[in-house]
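J.: Could you have a look at this structure, given as structure tokens, before my questions?
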Amino acid sequence: MSNFDFLKDEFIDLYELCLEAEKNCYIKPRTSAFYSRLALEFCVGLVYKFEKIQTSYNEMSLNDLINKKEFKDLFQDESQIAGLNLIRKFGNDAAHMLKNIISNADRNLSLNKDIALNCLKGIFDFTVWIAYCYGSTLKTDDIKFDEKYILHSSSEEENTNDIKLTDNDVKNNIEKIEVVPTKKHNTRINNNNFSEKETRKLFIDFLLMKAGWNLNDKNMFEYEVEGLKSTSSGKGNIDYVLWGDSAYPLAIIEAKKASYNAKKGEFQALEYAEALERKFNFFPIRFVTNGFEIFIYENKNSIPRRIYGFYRKEELLKIIARRNEKITSNDISINKKIIDRYYQERAVKKAIENYISGNRKSLLVMATGSGKTRVAISLVDCLSRLNMVKRTLFLADRVALVKQALNSFKNSLPDYTLVDLVAEKDRDNAKIVFSTYQTMMTESEKSREDGTNKYGVGAFDLIIVDEAHRSIYQKYGDLFEYFDSLILGLTATPKNEIDRNTFKVFDMNSKEPTDSYDLFEAAKDEFLVLPKIKEISLNYPENGIVYSKLSEEEKEKYETLFDEEDSMPEEISSDSLNSWFFNEGTTSKVLTTLMEEGYKIESGDKLGKTIIFAKNDKHAEHIVETFNKLYKNLDGEFCQKITTKVEKAQTLIERFVNPNSLPQIAVSVDMLDTGIDVPQILNLVFYKK
Numbered sequence: 001m002s003n004f005d006f007l008k009d010e011f012i013d014l015y016e017l018c019l020e021a022e023k024n025c026y027i028k029p030r031t032s033a034f035y036s037r038l039a040l041e042f043c044v045g046l047v048y049k050f051e052k053i054q055t056s057y058n059e060m061s062l063n064d065l066i067n068k069k070e071f072k073d074l075f076q077d078e079s080q081i082a083g084l085n086l087i088r089k090f091g092n093d094a095a096h097m098l099k100n101i102i103s104n105a106d107r108n109l110s111l112n113k114d115i116a117l118n119c120l121k122g123i124f125d126f127t128v129w130i131a132y133c134y135g136s137t138l139k140t141d142d143i144k145f146d147e148k149y150i151l152h153s154s155s156e157e158e159n160t161n162d163i164k165l166t167d168n169d170v171k172n173n174i175e176k177i178e179v180v181p182t183k184k185h186n187t188r189i190n191n192n193n194f195s196e197k198e199t200r201k202l203f204i205d206f207l208l209m210k211a212g213w214n215l216n217d218k219n220m221f222e223y224e225v226e227g228l229k230s231t232s233s234g235k236g237n238i239d240y241v242l243w244g245d246s247a248y249p250l251a252i253i254e255a256k257k258a259s260y261n262a263k264k265g266e267f268q269a270l271e272y273a274e275a276l277e278r279k280f281n282f283f284p285i286r287f288v289t290n291g292f293e294i295f296i297y298e299n300k301n302s303i304p305r306r307i308y309g310f311y312r313k314e315e316l317l318k319i320i321a322r323r324n325e326k327i328t329s330n331d332i333s334i335n336k337k338i339i340d341r342y343y344q345e346r347a348v349k350k351a352i353e354n355y356i357s358g359n360r361k362s363l364l365v366m367a368t369g370s371g372k373t374r375v376a377i378s379l380v381d382c383l384s385r386l387n388m389v390k391r392t393l394f395l396a397d398r399v400a401l402v403k404q405a406l407n408s409f410k411n412s413l414p415d416y417t418l419v420d421l422v423a424e425k426d427r428d429n430a431k432i433v434f435s436t437y438q439t440m441m442t443e444s445e446k447s448r449e450d451g452t453n454k455y456g457v458g459a460f461d462l463i464i465v466d467e468a469h470r471s472i473y474q475k476y477g478d479l480f481e482y483f484d485s486l487i488l489g490l491t492a493t494p495k496n497e498i499d500r501n502t503f504k505v506f507d508m509n510s511k512e513p514t515d516s517y518d519l520f521e522a523a524k525d526e527f528l529v530l531p532k533i534k535e536i537s538l539n540y541p542e543n544g545i546v547y548s549k550l551s552e553e554e555k556e557k558y559e560t561l562f563d564e565e566d567s568m569p570e571e572i573s574s575d576s577l578n579s580w581f582f583n584e585g586t587t588s589k590v591l592t593t594l595m596e597e598g599y600k601i602e603s604g605d606k607l608g609k610t611i612i613f614a615k616n617d618k619h620a621e622h623i624v625e626t627f628n629k630l631y632k633n634l635d636g637e638f639c640q641k642i643t644t645k646v647e648k649a650q651t652l653i654e655r656f657v658n659p660n661s662l663p664q665i666a667v668s669v670d671m672l673d674t675g676i677d678v679p680q681i682l683n684l685v686f687y688k689k
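The opening position of the sequence shown corresponds to residue 1 in the UniProt record's numbering, with each subsequent residue numbered one higher.
Right under this line is the structure:
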């Protein structure tokens, strides 16, 4: 018998995962936690399948899937989502280590049977809901979990051989499920067996452990204070106290029930903090939480903000060290060797003044070529000297942009230690970390050898978001919520074209960024020039090809393009051209126009640096082949394809950026669309039609 027998008939693969989690719960808790996580992934996959939630399921992590709005809306409250995330986190640790969460189990929280049991109960509630809502045999969701079905002893020791399945196995098994939902559920997920009190404590303890706090410190829990006005005895017990090395209380944590708003503990935390201040002559940082939501109060009168974990000891000390620093706009000193244009200095000052006034997000709108990266460098330099920022994270959506930004920072801030997280391991002394969004999403889930988070919520003081726009926040929004830092958004999109949701992300109610400098202002100031547009009329890309309307000579050429007469289409739409059908004559016209009328260098003898934007990789290949046929006298490297499918594309980009090396023409798909800094560019060809 098993608690999960109700799954046998319709969800056999899910049943087997749950059975592994159940039978190992007491005897092999790490193995149990791992299988609970796999069962969780299976359940989430079923919900996405049955609810027809639109997403690229195989491309998203379990974290992304659980936190997607359409999925979260199925739950009664956020504590349930937090509970599922707890199962995910414990399962991840079990999979990565299959031993105690950290090497030295005596010093911190271990992945024990209590944790495994809590995860198992959470999965039980979830699977009951799955079977009730989508199956045909279970008639009620009011089923109780019974611990009598769990094995209590085994002679086997836990090891990596206990894990027999992977995430890919789970995804494959989800695809095989043929259950047709018999009814749409009209109830949200209930948690009858998931212990709120136990889960809350586990969640807080888990987050503290991940931040490096020693849970065996007896003074951490239920620390008694006196002089309280809210109790008849004048005494009270603080739920958690986080101590510094000099036996000073750096922070306190006040925990409330999950059913309460976390901020309900605000007054009590303040009273406890004041009691500690009387005793130690020091006012600690306050955290209030219901186990699933956490708010931080840095100072006695500071406005609370939500965070997604607890700070490490050294990060708390950093916050405390800044308490007495009263920074004003008069303290801002800009290094003229980094930026020297009036609008760049204005942008830096406005962003810093925005931070000084208590705002944590700034958005700068600057025309392409006006020096967004230089402004970012200057901002980091100023904030560092003001002691507002110790460590910065620079994020971009492509490897090429990461490397480009790193080189720019290296040239302007030679004394800073920089690290490219895409290509190398992070170093603790690195002042600026450069990464793609995808890489940082992966890295933020990782743990150190001691089991603590590789990157905690307080790892960075400033995050710079290159090309900040709506799609970035839709895809990687959790990343910006997780890190508790100042944020600087950079974009070249004109402010009247920025999606209102982007302004909302930056906490800006009006459609006004922190500062802006557009192309027309830059052209008026003679820092940039307006583009000169040359349109080429192309018959086929605009109108498509109709066989019956071709001349006899054109029909003959058209027929040779297809192997068999039966396969020859009578017409090809304009949308299909340059998608799968390529016309050499049309491409030749585009290239000869470019070579004859494009801007030249070297007294008109050589075409200036040029980017051709192609429709897809095959189209780019076709353009390069056509160019080499037309201009056999030029070096074979003169025109080259630079796409994600090209080996060592980054090396090609670096050569293209170099004014003294080839290629002179880069044919690109997406890679060079935004952000690439090539001052020598003279011609842009938009040939995606």
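In this text, a Cβ means the ideal position worked out from N, Cα and C, and glycines have one as well.
Fair warning: this is a prediction, and the values are worked out from it, not measured in the lab.
Take the Cβ of N108 as the centre, count every other Cβ of all protein chains shown within 10 Å, and call the residue buried at 16 or more, exposed below.
T.: Note that N108 scores 44 on pLDDT, short of 50, meaning its location in the model is unreliable and no value can be drawn from it.
J.: Grouping DSSP H, G and I as helix and E and B as strand, with all else coil, what is K403?
T.: DSSP places K403 in helix when its eight states are reduced to three.
J.: Taking the Cβ atom as the reference point for each residue, do K121 and F145 lie within a distance shorter than 9 angstroms?
T.: A contact, by the Cβ cut-off of 9 angstroms.
J.: Using 9 angstroms as the threshold, is the C-beta distance between Y311 and V457 below it?
T.: In contact: Y311 and V457 (Cβ atoms closer than 9 angstroms).
J.: Under three-state DSSP, which class holds Q76?
T.: Three-state result, Q76: coil.
J.: Mark E526 as exposed unless 16 or more other C-beta atoms lie within 10 angstroms of its C-beta, in which case mark it buried.
T.: Exposed.
J.: With C-beta atoms as the reference, is F75 less than 9 angstroms away from I81?
T.: Yes; because the gap between Cβ atoms is below 9 angstroms, this pair is in contact.
J.: To the nearest angstrom, report how far apart F590 and G636 are at their CA atoms.
T.: Contrary to the premise, residue 590 reads as Val rather than Phe in this sequence. Cα-Cα distance, rounded: 19 angstroms.
J.: Where do the ends of the alpha helix (DSSP H) carrying E325 lie?
T.: Looking at the DSSP string, E325 is not in any alpha helix (DSSP H), and its letter there is neither H nor E.
J.: Given the structure, does T31 come close to the ligand SAM, in the sense that its CB is under 8 angstroms from one of the ligand's heavy atoms?
T.: Inclusion of the ligand SAM in the displayed structure is not the case, the ligand content being empty and no account of it being possible.
J.: For L662, does the three-state DSSP call read helix, strand or coil?
T.: Correct three-state label for L662: coil.
J.: Helix, strand or coil, according to DSSP, for V128 in the structure here?
T.: Three-state DSSP puts V128 in a helix.
J.: Can you check DSSP and say which residues form a bridge with E571?
T.: Looking at the DSSP assignment, E571 forms a beta bridge with V546.
J.: On the DSSP letters alone, give me the boundaries of the alpha helix (DSSP H) that D381 sits inside.
T.: Where D381 is concerned, the enclosing alpha helix (DSSP H) stretches over K372 to R385.
J.: Does DSSP put I307 in a helix, a strand or coil?
T.: Correct three-state label for I307: strand.
J.: Quickly, what does DSSP pair Y240 with across the bridge? List them, please.
T.: The partner list for Y240 (beta bridge, DSSP) reads F221 and I253.
J.: I think A620 touches K641, with their Cβ atoms under 8 angstroms apart; what is that distance to the nearest whole Å?
T.: Yes, they are in contact, since the Cβ atoms of A620 and K641 sit about 5 angstroms apart, within 8 angstroms.
J.: Where do the ends of the beta strand (DSSP E) carrying residue 690 lie?
T.: Coverage of the chain is limited to positions 1 through 689, which leaves residue 690 absent and any answer about it impossible.
J.: By the DSSP assignment, the alpha helix (DSSP H) with T586 in it spans what residues?
T.: Unbroken alpha helix (DSSP H) run through T586: E584 to E597.
J.: Check for me: the alpha helix (DSSP H) holding D450 runs from which residue to which?
T.: D450 -> no alpha helix (DSSP H), and no H or E assigned at all.
J.: To the nearest angstrom, how far is the alpha carbon of I487 from that of R427?
T.: Using only the alpha carbons, I get a separation of about 22 angstroms.
J.: Would a C-beta distance cut-off of 9 angstroms place L202 and I115 closer than the cut-off?
T.: Contact flag set, yes.
J.: How big is the Cα-Cα spacing for R398 and Y260?
T.: Roughly 43 angstroms between the two C-alpha positions.
J.: Any beta-carbon of chain B closer than 9 angstroms to the one on E637?
T.: The chain inventory of the structure shown lacks chain B, comprising one protein chain alone.
J.: Which residue's Cα is closest to the Cα of I463: E445, Q438 and D484?
T.: When only C-alpha atoms are compared, the closest one is D484.
J.: Within 10 angstroms of its Cβ, does G83 collect 16 or more other Cβ (buried), or is it exposed?
T.: So G83 ends up on the buried side.
J.: Considering only residues of the same chain and omitting the five flanking positions on each side of V646, which have a CB-CB separation below 7 angstroms?
T.: Cβ within range, chain order: L652.
J.: When you compare each of Y342, M388, R391 and A400 to R374 by their alpha carbons, which one comes out closest?
T.: Minimum Cα distance to R374 is reached at Y342.
J.: Let me make sure I understand the geometry here. Which of Y272, R391 and V365 has the alpha-carbon closest to that of K318?
T.: The shortest C-alpha separation from K318 is found at R391.
J.: Evaluate C18 with the Cβ neighbour count: other Cβ atoms within 10 Å of its Cβ, from every protein chain shown; 16 or more gives buried, anything less gives exposed.
T.: Buried, because 16 or more other Cβ atoms sit within 10 Å of the Cβ of C18.
J.: Would V678 and K609 be called neighbours here (beta carbons separated by less than 9 angstroms)?
T.: The answer is yes: Cβ separation under 9 angstroms.
J.: In the DSSP assignment, find the unbroken alpha helix (DSSP H) run with V465 in it and report its ends.
T.: Looking at the DSSP string, V465 is not in any alpha helix (DSSP H); the run it does join, the beta strand (DSSP E), is L462 to V465.
J.: Classify R305 as buried or exposed, calling it buried when 16 or more other Cβ atoms lie within 10 Å of its own Cβ.
T.: Answer is exposed; the Cβ neighbour count stays below 16.
J.: Checking 9 angstroms against the spacing of the C-beta atoms, do G358 and I303 come in under that value?
T.: Closer than 9 angstroms, so yes.
J.: For Y455, I'd like the list of residues in its chain whose CB is within less than 7 angstroms of its CB, leaving aside the five on either flank, ordered along the chain.
T.: Excluding residues within five positions, the ones whose Cβ falls inside 7 angstroms are E443 and S444.
J.: Hey, could you find the ends of the beta strand (DSSP E) N683 is sitting in?
T.: Its beta strand (DSSP E) spans residues I681 to F686.
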